[in-house]
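Peer 1: Starting off with a structure, shown below.
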Amino acid sequence: MREFDVLYQIYPLGFCGAERTAVPGVRQRLDALAAVIPDIAALGCDGVLLNPVLQSGTHGYDVTDYFTVDTRLGTNEAFASLVGRMHEAGLGVVTDAVFDHTGRGFGPFADVVANRGGGRYRDWFFIRDGDTPYGDGFYYEPWEGHFELVRLNLNNPEVQDYLLRALRFWVEAFGIDGLRLDVAYMLPPPFLRRLKEAAPDLWIVGEMIHGDYGRFLDETGLDSVTDYVCYKGLYSAINSRNLFEIEHSLTRLFGAEPWAVCRGRRLLNFADNHDVTRLYTLLNDKRDVYAAYTILFAMPGIPCVYYGSEYRAEGDKRAGDEALRPAWADIDTSDRTLYDFIARLAAIRRAEPGLKGTSYRKLFLTNTALAFGRDDVVAAVNIAEEPVHIDLGRCVSLIDGRTYGGTLPGKSADLLKLS
Numbered sequence: 020m021r022e023f024d025v026l027y028q029i030y031p032l033g034f035c036g037a038e039r040t041a042v043p044g045v046r047q048r049l050d051a052l053a054a055v056i057p058d059i060a061a062l063g064c065d066g067v068l069l070n071p072v073l074q075s076g077t078h079g080y081d082v083t084d085y086f087t088v089d090t091r092l093g094t095n096e097a098f099a100s101l102v103g104r105m106h107e108a109g110l111g112v113v114t115d116a117v118f119d120h121t122g123r124g125f126g127p128f129a130d131v132v133a134n135r136g137g138g139r140y141r142d143w144f145f146i147r148d149g150d151t152p153y154g155d156g157f158y159y160e161p162w163e164g165h166f167e168l169v170r171l172n173l174n175n176p177e178v179q180d181y182l183l184r185a186l187r188f189w190v191e192a193f194g195i196d197g198l199r200l201d202v203a204y205m206l207p208p209p210f211l212r213r214l215k216e217a218a219p220d221l222w223i224v225g226e227m228i229h230g231d232y233g234r235f236l237d238e239t240g241l242d243s244v245t246d247y248v249c250y251k252g253l254y255s256a257i258n259s260r261n262l263f264e265i266e267h268s269l270t271r272l273f274g275a276e277p278w279a280v281c282r283g284r285r286l287l288n289f290a291d292n293h294d295v296t297r298l299y300t301l302l303n304d305k306r307d308v309y310a311a312y313t314i315l316f317a318m319p320g321i322p323c324v325y326y327g328s329e330y331r332a333e334g335d336k337r338a339g340d341e342a343l344r345p346a347w348a349d350i351d352t353s354d355r356t357l358y359d360f361i362a363r364l365a366a367i368r369r370a371e372p373g374l375k376g377t378s379y380r381k382l383f384l385t386n387t388a389l390a391f392g393r394d395d396v397v398a399a400v401n402i403a404e405e406p407v408h409i410d411l412g413r414c415v416s417l418i419d420g421r422t423y424g425g426t427l428p429g430k431s432a433d434l435l436k437l438s
């Protein structure tokens, strides 16, 4: 199984400037993704997480064909070629897997509609008497009230077999290295365990928002989950000038205490993604972006950078999902200051075994200053204007090579090597 140190996330339909709804014919747009492979590798990433790439009606999460790449992006052959080029650059490829629900255009559901709630595929879904906003003459269970998303009955072995057949096809035809399971928190644990057993060589991360991450991993056998706890704690602690919030989250998940729920686990950490407001938009003081990424890259787990955020891209969830998923051509990439800083953090992660492990210990904490240790590496941030004294003993900055003198300047962030 391929494991990852730093991931780079792309929402392909948005990145490539695809139409918002399915169109006839094939558009060849995957070269736009291939063009940024060198920059992704130079950033220090060793894997790319791609949001939905399969045929769908709109945003990719309403899949209509589990065996065909979305024609707004290209062909199966073009996608396989893209994966091959990423592999040549040393990048593994993780793709989104939408197993909880499908689009209304999915063949088996279209058959149910044609049969007014009956037919051989009826038990693939949760069908009962009633009606829907589409006037189908029967009721089906939608995903969280969205009737364009039809929930699959994953308790049905035939549905499970179909999805596992699709997964085998993705591995054989495209050569993917991992999966991100959309809304994994809604998928039955027995199905997830069967999925992992069927694909032991794939790294599989489940989308989790709330709940007991450790227990979920134990029940399902998955390799990781999305860390929304630290995501929220990161920006909220910085904006509220209360670093106790993020430190509490880190200790609760990864600390040495017996009640730490994810000690020894490598969760998928992020500062933003395709579903939430961009970090640079959220921050009250934009200078704190360096502290945020320093914490992100130093905490236990796998940091993930969302495309464009390394260039301070902005996007507000209140403006709709499209604001979070822009075309790459619309992102200003002229200022590489933050890109270079993140690349330095990634290089330090590659070089320092302590940052690849799962250890975590709090060393210093105030409302505006935090230092925590990862074996012999210390992350130290100060979001106040005034300098702060943090006695860490003899150590050297891994970022710029200066000897640490015991004082962290105002508005600064550093990774220090203990000696």
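At position 42 of the sequence shown the residue is numbered 61 (the numbering used here), and the sequence of numbers has no breaks.
Glycine residues also receive a C-beta, built at the ideal position from the N, C-alpha and C atoms.
(1) Suppose only complete runs of 3+ residues qualify. What are the beta strand (DSSP E) ranges in the stretch 101-132, listed by chain order?
(2) What first and last residue would you give for the beta strand (DSSP E) that runs through residue 323?
(3) What are the uninterrupted segments assigned as beta strand (DSSP E) that are 3 or more residues long and contained completely in the stretch 347-408, given in chain order?
(4) Whole angstroms is fine: what's the gap from residue 372's alpha carbon to residue 350's?
(5) Taking the runs of the beta strand (DSSP E) that are 3 residues or longer, which of them lie wholly in the stretch 259-333?
(6) So, does the stretch 309-328 touch the stretch 374-383, judging by three or more C-beta pairs under 8 Å?
(7) Classify residue 179 as buried or exposed, calling it buried when 16 or more other Cβ atoms lie within 10 Å of its own Cβ.
(8) For the beta strand (DSSP E) containing residue 85, list its first residue and its last residue.
(9) Measuring alpha carbon to alpha carbon, tell me which residue in 261, 302 and 204 is nearest residue 118.
(10) Would you mind working out which of 166, 145, 144 and 162 sits nearest residue 154, comparing C-alpha positions?
(11) Look at the alpha carbon of residue 86 and the alpha carbon of residue 389, and state the distance between them as a whole number of angstroms.
(12) Is the beta carbon of residue 51 less than 8 Å from the beta carbon of residue 278?
(13) Using a threshold of 8 Å, state whether the C-beta atoms of residue 254 and residue 228 are closer than that.
(14) Verify whether the separation of the beta carbon atoms of residue 379 and residue 201 is less than 8 Å.
(15) Look up residue 197 in the DSSP assignment and give the residues it is bridged to.
(16) Apart from the five residues just before and just after residue 105, which ones in its own chain have a Cβ nearer than 7 Å to its Cβ?
(17) Mind checking residue 71: buried by the 16 CB within 10 Å criterion, or exposed?
(18) Quick one: what's got a C-beta closer than 8 Å to residue 212's C-beta in the same chain, skipping five residues either side?
(19) Specify the secondary structure class of residue 228 as computed by DSSP and reduced to three states.
(20) Taking 8 Å as the cut-off, decide whether the C-beta atoms of residue 358 and residue 329 are in contact.
(21) Alpha carbon to alpha carbon, how far is residue 431 from residue 54? Give it in angstroms, no decimals.
(22) Taking its Cβ as the centre, do 16 or more other Cβ atoms sit within 10 Å of residue 42, making it buried, or is it exposed?
(23) Return yes when the Cβ of residue 131 is within less than 8 Å of the Cβ of residue 145, no when it is not.
(24) Taking the beta carbon of residue 424 as the centre, do at least 16 other beta carbons fall within 10 Å, making it buried, or is it exposed?
(25) Using beta-carbon positions only, say whether residue 260 and residue 299 come within less than 8 Å of one another.
(26) When the distance is taken between beta carbons, is residue 257 closer than 8 Å to residue 402?
(27) Out of curiosity, what's the CA-to-CA distance linking residue 60 and residue 233?
(28) Using the Cβ count rule (16 or more neighbours within 10 Å means buried), how would you classify residue 370?
(29) How would you write the range of the alpha helix (DSSP H) that residue 217 sits in, first residue to last?
(30) Go to residue 433, then tell me how far its alpha helix (DSSP H) extends in each direction, as first and last residue.
(31) Taking 8 Å as the cut-off, decide whether the C-beta atoms of residue 65 and residue 109 are in contact.
(32) According to DSSP, simplified to helix, strand and coil, what is residue 144?
(33) Inspect the beta-carbon positions of residue 414 and residue 397 and report whether they are closer than 8 Å.
(34) Between residue 324 and residue 62, is the Cβ-Cβ spacing less than 8 Å?
(35) Hey, residue 124 and residue 90 are a contact pair by Cβ (cut 8 Å); roughly how many whole angstroms apart?
(36) Under a three-way DSSP split, which group does residue 66 fall into?
Peer 2: So, from the data block:
(1) 111-116 and 120-122
(2) 321-325
(3) 380-384, 388-393 and 396-401
(4) 34 Å
(5) 287-289 and 321-325
(6) yes
(7) buried
(8) 82-88
(9) 204
(10) 166
(11) 48 Å
(12) no
(13) no
(14) no
(15) 113 and 222
(16) 56, 67 and 112
(17) buried
(18) 238, 239 and 240
(19) coil
(20) yes
(21) 34 Å
(22) exposed
(23) no
(24) exposed
(25) no
(26) yes
(27) 31 Å
(28) exposed
(29) 208-217
(30) No alpha helix (DSSP H) contains residue 433, which is instead part of the beta strand (DSSP E) from 431-437.
(31) yes
(32) strand
(33) yes
(34) yes
(35) Wrong, their Cβ atoms sit about 13 Å apart, outside the cutoff.
(36) strand
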